[in-house]
Amino acid sequence: MTPGHGEPCEVWPTAVAIEVLLLWPRGVAGPVTTAEEAGRWPVFAMVVTEPPGELARGAQPLFDLLDRPRREGEPAVVAAETSWSVLDHANALLGLHVRGVAPVRFGMRVLLPSTRVLGILDVVARGATIGITTGRRAARLRDRVDIRTALSDLVLLSCPPSVELAALAHTLTVAQGGEPSR
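When we follow the UniProt record's numbering, the leftmost residue of the sequence shown carries the number 1, and every step to the right adds one.
(1) May I have the straight-line CA-CA distance separating arginine 109 from glycine 95, to the nearest angstrom?
(2) Could you compute how far the alpha carbon of glutamate 50 sits from the alpha carbon of alanine 15?
(3) Exposed or buried, valine 47, counting other C-beta atoms within 10 Å across all chains shown (16 or more means buried)?
(4) Using a 10 Å radius around the Cβ and a threshold of 16 neighbouring Cβ atoms, would you call serine 83 buried or exposed?
(5) Could you pull out every residue in the same chain whose Cβ sits closer than 6 angstroms to the Cβ of valine 43, ignoring the five residues on either side in sequence?
(6) Whole angstroms is fine: what's the gap from leucine 151's alpha carbon to alanine 175's?
(7) Can you list, in chain order, the residues of its chain with a C-beta nearer than 8 angstroms to that of alanine 56? Leave out the 5 residues immediately preceding and following it.
(8) CB-CB under 8 angstroms to residue 192, same chain, minus the five flanking residues each way: which ones, in chain order?
(9) Quick check: what's the CA-CA separation for serine 85 versus valine 101?
(10) Going by DSSP, which residues form a beta bridge with residue 185?
(11) Whose CA, out of Gln60, Arg71 and Thr115, lies closest to the CA of valine 20?
(12) With burial defined as no fewer than 16 other Cβ atoms inside 10 Å of the residue's Cβ, what is the status of arginine 99: buried or exposed?
(13) Taking only the alpha-carbon atoms, compute the straight-line gap between alanine 17 and isoleucine 120 and give it to the nearest angstrom.
(14) Helix, strand or coil for serine 158, going by three-state DSSP, please let me know.
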């Protein structure tokens with residue numbers, strides 16, 4: 001289906017994650033080992049490129065939502081169907097398919113080289129809150145920011161656990177001589 005339009009289509013707009021930011025609220029100490037301990041944190045924020053030209057049409061509602069004026073701290077949360085996949089095991093290229101259903105309808109695929117997230121891939125695999133933003137909005141997120149500021153510059157999505165990502169995280173950890181997380 002054409003993301004956001006309901007018409008048949010084989011091509012989803014594709015954005016590339018050029019940076020990943022792991023956002024924790026102040027006062028949350030260090031890494032956690034279970035999804036229950038993590039709760040909604042960390043937010044796995046992907047800084048993405050906007051798909052070019054005509055391909056961007058299906059994803060445009062997401063970018064419009066990012067640009068819509070909001071009060072500081074007012075979150076933009078999208079009910080979405082999301083799924084991770086490993087597109088290229090040899091080069092550890094990940095894909096996140098997102099189909100937003102409310103309050104905006106859109107669809108897109110985000111490509112993410114897993115080298116950007118090797119140390120935290122297991123956290124993402126257990127299910128994470130995903131934040132999507134653009135380069136022009138990410139500048140405020142790179143420094144230590146409060147939650148209100150972060151929420152104003154992200155669109156938040158919930159992502160279920162991924163067996164495929166967990167297997168890749170395990171393989172990469174073992175290959176690097178590390179101890180896999182439990």
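Backbone N, C-alpha and C define an ideal beta-carbon position, used for all residues, glycine too.
With the structure as the only source:
(1) Mapped onto the sequence shown, residue 109 falls at position 109. Mapped onto the sequence shown, residue 95 falls at position 95. Between arginine 109 and glycine 95, the C-alpha separation is close to 7 angstroms.
(2) On the sequence shown, residue 50 is found 50 positions in, with the first residue counted as 1. On the sequence shown, residue 15 is found 15 positions in, with the first residue counted as 1. Between glutamate 50 and alanine 15, the C-alpha separation is close to 6 angstroms.
(3) Taking the sequence shown and counting its residues from 1, one reaches residue 47 at position 47. Answer is buried; the Cβ neighbour count reaches 16.
(4) In the sequence shown, residue 83 corresponds to position 83, counting from 1. Exposed, because fewer than 16 other Cβ atoms sit within 10 Å of the Cβ of serine 83.
(5) Position 43 of the sequence shown, counted from the start, is the residue given in the question as residue 43. If we look at valine 43 and ignore the five residues flanking it on each side, its Cβ neighbours are Leu23, Thr129 and Gly131.
(6) Mapped onto the sequence shown, residue 151 falls at position 151. Mapped onto the sequence shown, residue 175 falls at position 175. Each residue's Cα considered, the two are about 36 angstroms apart.
(7) The residue labelled residue 56 in the question sits at position 56 within the sequence shown. Hits under 8 angstroms: Pro13, Glu50 and Phe63.
(8) This structure does not reach residue 192, given that the chain is present from 1 up to 182, and the question cannot be answered.
(9) For the purposes of this step, residue 85 is identified with residue 85 of the sequence shown, where counting begins at 1. For the purposes of this step, residue 101 is identified with residue 101 of the sequence shown, where counting begins at 1. Approximately 20 angstroms, taken between the alpha carbons.
(10) With the chain represented from 1 up to 182, any question about residue 185 goes unanswered, as that position is not in the structure.
(11) As a first step, residue 20 must be located in the sequence shown, where it is residue number 20. It is Thr115.
(12) To locate residue 99, count along the sequence shown from 1; it is residue 99. Buried.
(13) The count along the sequence shown starts at 1 and reaches residue 17 at position 17. The count along the sequence shown starts at 1 and reaches residue 120 at position 120. Each residue's Cα considered, the two are about 15 angstroms apart.
(14) Along the sequence shown, one-based indexing puts residue 158 at 158. If DSSP states are grouped into helix, strand and coil, serine 158 belongs with the strands.
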